[in-house]
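Reviewing the structure listed below.
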Amino acid sequence: MIYTKTALGQSVLHDRSLGLTPRQRAAFIMFDGKRRVEEVVKGTAGLGVTAEDVNHLLALGLLVASAAAPPAMLEPQSVPASAQGVAGAPSLNAQEHYLRAYPIATRLTANLGLRGFRLNLAVEAAGDVTKLQELAPKIKEAVGPEKFKELESALYS
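Letter by letter, the sequence shown follows residues 99 to 255 of my numbering.
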């Protein structure tokens, strides 16, 4: 399969808004719409890139199959004004919650140093909002309730 970056993926590549691991970023850069997945994984195998890393990039919506992707799929998804919730705030789906919460959780746990190394690895392995929500109590305990408020807002509101 050949993948190319979505518009969201291009944006993330430039602003580094998602906390991709170095190996995920290296693989992501190589997806140019010309290379097959096998070539990218083989070319980055020395960095430890696996098919799971590629699946993570796909789950985040950063890549799309190049041959089967109509141009409309390449645009980042935003919350339309008609999807406003009762209080006027956008109603976010699980993917949007994940995209908001993942970089916050990564930053919080990375700042813990060696003390939070395993927790940081667990956050990086979390592929969806449900897994991040399962880790939330451990993150709150590690960083404290004050620092956790930002992540709590991204996960649950």
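Note that CB positions come from ideal geometry on N, CA and C, so glycine has one too.
Which residues does DSSP pair with residue i in a beta bridge?
i           : result
residue 101 : 163
residue 134 : 100
Return helix, strand or coil for residue i, following the three-state DSSP convention.
i           : result
residue 247 : helix
residue 208 : helix
residue 107 : helix
residue 126 : helix
residue 151 : helix
residue 213 : helix
residue 224 : coil
residue 121 : helix
residue 191 : coil
residue 198 : helix
residue 253 : helix
residue 186 : Unreliable placement is indicated for residue 186, whose pLDDT of 40 sits below 50; no coordinate value is reported for it.
residue 116 : coil
residue 158 : coil
residue 146 : coil
residue 141 : helix
residue 180 : Residue placement at residue 180 is flagged as unreliable, the pLDDT there being 34, under the threshold of 50; a coordinate-derived value is accordingly withheld.
residue 168 : With a pLDDT of 39 at residue 168, under the threshold of 50, the predicted position of this residue should be treated as unreliable, and no value is reported.
Which residue wins for smallest C-alpha separation from residue i, given the options the options?
i           : options               : result
residue 104 : 121, 122, 117 and 126 : 126
residue 119 : 249, 208, 226 and 246 : 208
residue 237 : 109, 202 and 158      : 202
residue 123 : 152, 99 and 101       : 152
residue 117 : 246, 229, 231 and 205 : 205
residue 192 : 131, 115 and 159      : 159
residue 130 : 145, 144, 111 and 222 : 111
residue 230 : 106, 164, 211 and 197 : 197
residue 106 : 100, 99 and 114       : 114
residue 194 : 212, 157 and 142      : 157
residue 154 : 239, 121, 240 and 241 : 121
residue 228 : 242, 218 and 200      : 200
residue 132 : 226, 100 and 109      : 100
residue 235 : 246, 139 and 137      : 246
For my contact list, residue i and residue j are in at a C-beta cut-off of 8 Å; report their separation, rounded to the angstrom.
i           : j           : result
residue 220 : residue 233 : 6 Å
residue 162 : residue 102 : 6 Å
residue 144 : residue 128 : Between residue 128 and residue 144 the Cβ distance is about 13 Å, and since that is not below 8 Å, they are no contact.
residue 240 : residue 214 : 6 Å
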